[in-house]
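Notes to accompany the following structure.
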Amino acid sequence: MSTTAADSVGDDRLTTSEYRERLRELPPSAKLVAKVLESDSPLSQGQLAEESLLPDRTVRYALNRLEDADIVGSRYSFKDARKQVYFLRT
1 MSTTAADSVG DDRLTTSEYR ERLRELPPSA KLVAKVLESD SPLSQGQLAE ESLLPDRTVR
61 YALNRLEDAD IVGSRYSFKD ARKQVYFLRT
């Protein structure tokens, strides 16, 4: 039995309660970045900095924390393979 890419993506999704519980423990910058991704996703790090009005370094820190908590995932951009775009796992 083989698994498809769609199967593996579906397994990574969080329930609303899991999402809220994991987000509760994170700093305000990570919560803001997650909120921006809720309204518009996927976004690059630069786009997140522009939308959230946070410095690039703070967005990088927030994304690292969100990835460590498995709230955010990333993939390479279809438009520019040098950039990664970020999305929520909810």
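In UniProt numbering, the protein residues as written are 1 to 90. Yeah, the Cβ is synthetic: ideal placement off N, Cα and C, and Gly gets one too.
Problem - Pair within 7 Å by beta-carbon distance, arginine 65 and leucine 14 - result: The beta carbons of arginine 65 and leucine 14 sit no closer together than 7 Å.
Exercise for the section: State the Cα-Cα distance for the pair glutamine 45 and serine 29, rounded to the nearest angstrom. Expected result: Rounded to the nearest angstrom, the gap between the Cα atoms of glutamine 45 and serine 29 is 13 Å.
Handout entry: Secondary structure of leucine 26, DSSP reduced to three states
Key = Shown here, leucine 26 sits in coil according to DSSP, grouped into three states, outside any helix or strand.
Practice task
Run the CB neighbour count on threonine 58, radius 10 Å, all protein chains shown included, and call it buried at 16 or more, exposed below.
Solution key: Under this definition threonine 58 is a buried residue.
Exercise for the section: Identify which residue in Arg75, Glu51 and Asp68 has its Cα closest to the Cα of serine 38. Expected result: The question names serine, but residue 38 is glutamate in the sequence shown. Selected option, being the one with the closest Cα: Glu51.
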